[in-house]
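One structure is given below, encoded as structure tokens.
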Amino acid sequence: MPTSTRTTNAFYVLLLLSFAVLLALPLLAQDKNPFAGNAQAAKVGESQFRANCAFCHGLGARGGGRGPDLTRAQKMHGNADGDLFRTINQGVPGTAMPPNGATQQGVGMTEEEIWQVITYIRSVEKKAPVAALGDAAHGKALFYGGAACSTCHMINGKGGRLGPDLSTTGSARATEYLVDSVRNPSRRLAQGIGEAMKEFSQEYVTVTVVDAGGQKFKGVVLNEDSFTLQMMDMREQLHLFEKGKLRSMEETRESLMPGYDEKLLPEKDLQDIVAYLLTVAAPAGGGQ
Amino acid sequence: MRGCRWAADMHAPSTPFEVESKPRGLTLRISGRETAAIAFLLLGCLLFGATLARAQVTAQRLLDSGKEPQNWLMYSGDYAGRRFSALDQVNTANAHALVPQWAYQTMAGGKFETTPLVVDGILYGTGQDNRAFALDARTGRPIWQYQRALPADIRPCCGRVNRGVAILGDKVFLGTLDAHVIALDAKTGNVIWDVTSADYRAGYSFTLAPLAIKNLVILGVSGGEYGIRGFIDAYDAATGERKWRFYTVPGPGEPGHETWEDDSWKIGGAPAWITGVYDPVTNTTFWPTGNPSPSNRGAGRAGDNLYSNTLLALDPDTGKLKWHFQFTKHDEHDYDATQVPVMVDEGGQHLILHADRNGFFYVIDRATGKLISANPFAKVTWSTSKDAEGRPATDKNGSPTAEGNRVCPGAAGATNWMSPTYDPQTKLFYVTAREQCDVFSTAPQTFEQGHAYYGSAYFPNDDAAPFWGALRALDATTGKLKWEWKHPSPTWSGVLSTAGGVVFTGDAEGNFIALDAASGKALWHFQCGASVYSSPMVFAIDGKEYVAVAAGSALFTFALP
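Respectively, the protein sequence lines represent chains A and Y.
The opening residue of the first sequence carries number 714 in this note's numbering; numbering runs sequentially from there.
The opening residue of the second sequence carries number 171 in this note's numbering; numbering runs sequentially from there.
This is the structure we're talking about:
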């Protein structure tokens, strides 16, 4: 089958080429921003930022519901220009940060446009690292003790699984976001997550089901589609259901997490917990 | 005669033809026993040749596609754009028993948007990065596979996708991401002709499946994110010679040019993302167009911006405009009208049904382009009034602002390029609806050729409810909702209807679903393992009905056991 052989050959040539391109990429990508300090480029970059990045990182790069606050001096995946370029171009595996253009919702950016965006980010970022206002050590004590955060939340492998893992949350979210999430845990949950985030579909929606035998389960949704439900109950037990076989199923976007008002958690204690989250999530150094 | 070659290869070990090379040519020395074998082979070749001859897809066969429901001869199944099949083996009583038959993997990342064609047992489809393939439709085994060597610097919106081929004669036709139109030999996948339609570096690309009419291959260009000047092209199927081009943004001196401010027409956009339809009775082909550029910023292009977001009625022989109907004037929300227009004859009226990205379901007189009705099929806030013709009019306060303005439908629209379907048995129009509002914000930018030119940004809104979607069954003439199937999140799957009373669609959670066309009750589903970004189709071989859909990187087929 000559066509098949040709196709196979072409395939290997393409494969080799792809490897060559992949190997060459780090060499090709510049490490220095050609537009550094260029106010005009920052202005163009702002436009690019709004079109490509602000959906997750928010207007003014101050962080949105999904993406970190980029006005911070410290970036989780490297502070150097080259690091930012790589983060934008290649994405961050295992997170919601996609490679440039990979969301397939728009057209992606050229190298030049990425540098313009970096120029813009530099123009709005704060010069000094975030100074934690609170006492991180006390915050840790509260997290694992009095405030009982660890009943449902895990940090670096220690804690519960009913709520989101908070190991990197301090660097991934703006401080105001963290505070708001503690005071009004249902607010973001109510909005749901966008389609671009579908591969990170867990929203911690609260669900209560009664199975065919009349047994009741309450917990969080890990995943679901029109026909099935995967949930974790309050005792961290996993349950897999076919919706059609349930006696009832009720979902609510009222979070299982209680709203911590000032009575439950005074402002000072909340600042301490935020300080702890910032400490554990602090980037190790300049590199990735 | 590839079949003969295969047969010869297969017999080679047992029938060793002795071939002697002589100066004047070849001589075969053949034994008596082998003579019989050769006679058998020749007969086989003749029969196979006859099959191939039958596989020639004439223009007449395309016109009469309804007479061969076992085949799927064009993107929407027929010239009317109905995506309806007369096949009825799979019906409401037995659909629960559907089982997978085979899957074909493109092994490519990104969205797999193809609707394949099937002609006499061969399936022709396209994949990401301008792959094309012909498969044994019974087994999914490849007959040939093609992939275009694309330039490294293409940046097509939105993803390196393609939605399918057209077939005519012994060729299949493909529009490419680098804005070429190519004809492939249907038997081998070899390139027969390859013409450059436009410069991909300026943002032009093709993602839709072309439409074959008479001896012509017709398609429209994508690139509304780049400030292109859109067009619909027609090429001679035999030679690739361009027969006509209709610019979807009129130039100086042409009617409609006055709807553009200053030189804004030069970068006016109005691309074509989706395959048109054809009315042989009036010899008219209908093509919908997309957004004016920049998509979400009206400043600098004052006027209606014809023929953006418009249904064009063109003479397929000349490309001359017969009439036009603009769904969204001076659009600032990326409300492309690039949904398949569906031709329906009802109560003595010749209609076009069109569920627009802007959230309204339009019924239009096919002969005149006059609007008959326009009713919302999803949540709409951009329009709260109608003009003298009954056309939804744009609210002044709906424009994007620097701080952001919440508008429904959102940036992805109330529906999009995914196909609707019309079932003549239920007289219902089925459409994928998306319930999503967005905050539209301006992001002024200077036009630079080949650079994305949105002029805007959009953000998730602050509603205390996540986005969701639905398959909606609408009364075809009134647009009244008959039933809906709710999707947990908005889907990019189109819809197929069949004479078995079953409609098929997919969801973002990866399910391919069969529903009762009359009631909307789910009859069956299969988890494909990845979101469906395509419109399903159906075919039959040896009396067995297959339903096919692309999801993830695979094309799946299903049939009764």
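C-beta atoms are modelled at their ideal positions from N, C-alpha and C, and glycine is treated no differently.
Model, not experiment: these values are computed from the prediction.
- Secondary structure at F282 of chain Y: coil, using DSSP grouped into helix, strand and coil.
- Contact between the stretch 603–621 of chain Y and the stretch 681–697 of chain Y is absent: fewer than three C-beta pairs spanning the two stretches fall below 8 Å.
- Residue pairing by DSSP places M588 of chain Y opposite no residue, since no beta bridge is assigned to it.
- Against chain Y, the CB of E955 of chain A has no partner CB under 8 Å away; the residue lies outside that interface.
- Looking only at Y:P731, Y:W662, Y:E679, Y:V672, the smallest Cα-Cα distance to T284 of chain Y is reached by Y:W662.
- Chain A has no Cβ within less than 8 Å of the Cβ of Y600 of chain Y.
- Using a CB distance below 9 Å, the part of the stretch 322–355 of chain Y facing chain A consists of A322, D323, R325, P326, C327, C328, G329, R330, V331, ordered along the chain.
- Taking the CA atoms as reference points, G804 of chain A sits about 15 Å from W828 of chain A.
- G750 of chain A and S836 of chain A have their C-alpha atoms roughly 8 Å apart.
- D474 of chain Y and Q496 of chain Y do touch by the CB rule: their CB atoms are close to 6 Å apart, below 8 Å.
- For V922 of chain A, no CB of chain Y lies under 8 Å from its own CB, so it is not counted at the interface with that chain.
- Between the stretch 357–369 of chain Y and the stretch 848–856 of chain A there are fewer than three C-beta pairs closer than 8 Å, too few to call the two in contact.
- Residue contact with chain A for G438 of chain Y: absent (no Cβ-Cβ distance below 8 Å to any residue of chain A).
- Close CB contacts of P747 of chain A within its chain, under the 7 Å cut and outside five residues either way in sequence, are with W828 (chain order).
- Against D938 of chain A, the close residues of chain Y are P658, D677, E679, G680, N681, Q697, in the order they occur along the chain (beta-carbon pairs closer than 8 Å).
- Annotation for Y245 of chain Y: T285, G334, A379, T445 place their beta carbon closer than 6 Å to its own, counting only its chain and skipping 5 residues before and after.
- Its chain contains K281, E283, W662 as the residues whose beta carbon lies nearer than 6 Å to that of Y703 of chain Y, once the 5 sequence neighbours on both sides are disregarded; these appear in chain order.
- At least 8 Å separates the beta-carbon of P658 of chain Y from that of S899 of chain A.
- Beta-carbon to beta-carbon, T832 of chain A and A767 of chain A are separated by about 16 Å, too far to satisfy the 8 Å threshold.
- Under the three-pair Cβ rule at 8 Å, the stretch 456–465 of chain Y counts as touching the stretch 379–399 of chain Y.
- Of Y:E502, Y:F401, Y:I383, Y:I711, the smallest CA-CA separation from S367 of chain Y is found for Y:F401.
- A Cβ-Cβ distance of about 11 Å is found for the pair Q275 of chain Y and R301 of chain Y, leaving them out of contact under the 8 Å criterion.
- For T602 of chain Y, the closest alpha carbon among the candidates Y:G247, Y:F674, Y:R231 is that of Y:F674.
- Apart from sequence neighbours up to five positions away, the residues of its chain that approach R253 of chain Y with a beta-carbon distance below 6 Å are S246, G247, S589, T591, L666, ordered along the chain.
- The C-alpha of D323 of chain Y lies about 35 Å from the C-alpha of D487 of chain Y.
- At a C-beta separation below 7 Å, V830 of chain A has no neighbours in chain Y, since its nearest C-beta there lies roughly 12 Å away.
- Secondary-structure assignment with DSSP links F940 of chain A through no beta bridge to anything.
- For G470 of chain Y, the CB contacts under 7 Å within the same chain, skipping 5 residues up- and downstream, are E431, S434 in chain order.
- C-alpha of T452 of chain Y to C-alpha of A229 of chain Y: approximately 16 Å in a straight line.
- The stretch 751–775 of chain A is shown to contain whole alpha helix (DSSP H) runs of 4 or more residues at 752–765, 767–770, in chain order.
- Apart from the 5 residues on each side of it in sequence, T508 of chain Y sits with its Cβ closer than 6 Å to the Cβ of W443, I444, P458, G460, W587 in its chain, given in chain order.
- In the DSSP assignment, the residues bridged to P546 of chain Y are Y:F530.
- Residue contact with chain Y for F798 of chain A: absent (no Cβ-Cβ distance below 8 Å to any residue of chain Y).
- The continuous stretches of alpha helix (DSSP H) do not include G639 of chain Y, which lies in the beta strand (DSSP E) extending over residues 638–645.
- The alpha-carbon of D712 of chain Y is positioned some 41 Å away from that of N936 of chain A.
- At least 8 Å separates the beta-carbon of G676 of chain Y from that of V609 of chain Y.
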